[in-house]
Amino acid sequence: MKQLQAKPRFIPAGRVLDPLVIGRGPKTRPVTGVIPDATGKRPDSELDGADLPDLAVRAASVRGEDHRRRGTPRRDAMGLWQIDEARLLACVATGVADGELSHVGSADACSAAYRNLPGLLRHVERGAPAESFFADVAGDLRGRAERDRVTVDALGTALLVAVIDTGEHRAHVARVGDGAATLLRDGLWTPCLPEAAGAASSATLPGDAASVETATVDLRRGDMLLLCTGGLARPLRGEQVSDQVSAWWTQPTTPSLPEFFWQLSFRAESHEDDRTAVCAWRL
1 MKQLQAKPRF IPAGRVLDPL VIGRGPKTRP VTGVIPDATG KRPDSELDGA DLPDLAVRAA
61 SVRGEDHRRR GTPRRDAMGL WQIDEARLLA CVATGVADGE LSHVGSADAC SAAYRNLPGL
121 LRHVERGAPA ESFFADVAGD LRGRAERDRV TVDALGTALL VAVIDTGEHR AHVARVGDGA
181 ATLLRDGLWT PCLPEAAGAA SSATLPGDAA SVETATVDLR RGDMLLLCTG GLARPLRGEQ
241 VSDQVSAWWT QPTTPSLPEF FWQLSFRAES HEDDRTAVCA WRL
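Given below as structure tokens:
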């Protein structure tokens, strides 16, 4: 008797959930929009992460709906680099609204942070001024402006960096501009750096390399350190968004990369900017 070969069974594709609408928000489905026609064009979104001993890291940068509708590039950028077995460098940056090439400046600032890592480690390990590190990053941005024959203001960007040490269970945070570093502990959000009164800090690189703020943050088991741009920091000031994001990020297990991207893509009324976050959970 001829043996019949069973046909392979395929699992039908499930419908991918739209981003969650928190509170009052748009009722229409989100639209990706056109591909930006811009110098130094970058992807609509980025996603990254790592699972290290005693540390889980998730990172994403999402183009804002306002930029998608207008066909303009994402001005936010991010970067993750493993320094050694125990330490990680994390960066988030956001280009200024009136900078013609600020999307290039933010990406270059993150890359320059890694290139100038020795200067940052001198600050972390020996207490050298963090201003020297940011001056080196600013120098790289000025060099880019000269090569591209544009003004330095065209590349203007804020930059927030952190060296996260899993051995010492500590993070060293430094910024120029309005990036936010916040500790989530036992469901409560605590700023690691001073919060600007009213408008966000106007300091940017490369011009304001001396306007540096720093902090050292001890990480207890179960803590989560958030580094983010204003596109997340601003909606987090509202109770509904704060409570929902806290509920997501205090779960016993850390989110997968796709889950983290979905969480960061939430929609809320009047919050349509780029949104970038690096989350580091101490396990």
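Residues in the sequence shown are numbered consecutively from 1, following full-length UniProt numbering. We put the CB at the ideal spot given by N, CA and C, even for glycine.
In the DSSP annotation of this structure, the continuous segment of the alpha helix (DSSP H) that includes Cys110 starts and ends at Ser102 to Arg115. With respect to the C-alpha of Ala268, the residue from Arg24, Thr250 and Ala138 having the closest C-alpha is Arg24.
DSSP places Glu125 in the helix class (H, G or I) of the three-state scheme. Distances from the alpha-carbon of Ala50 to those of Leu88, Gly71 and Ile22 put Leu88 closest. Separation of Phe261 and Leu80 (C-alpha to C-alpha, rounded to the nearest whole angstrom) is 16 Å.
With respect to the 8 Å criterion, Leu184 and Asp223 are classified as neighbours on the basis of their beta carbons.
The beta carbon of Ile83 sits closer than 6 Å to the beta carbons of Leu89 from its chain, once the five residues preceding and following it are set aside; these are given in chain order.
Taken in chain order, the complete alpha helix (DSSP H) segments of 4 residues or longer contained in the segment 114 to 185 are 117 to 126 and 130 to 148. Boundaries of the alpha helix (DSSP H) harbouring Gln244: Glu239 to Trp249, taken from the DSSP string. Less than 8 Å divides the Cβ of Arg275 from the Cβ of Thr229. In terms of CA proximity to Ser211, Ala158 leads the group Asp18, Ala158, Asp218 and Glu125. Between Arg75 and Gly95, the C-beta spacing is below 8 Å.
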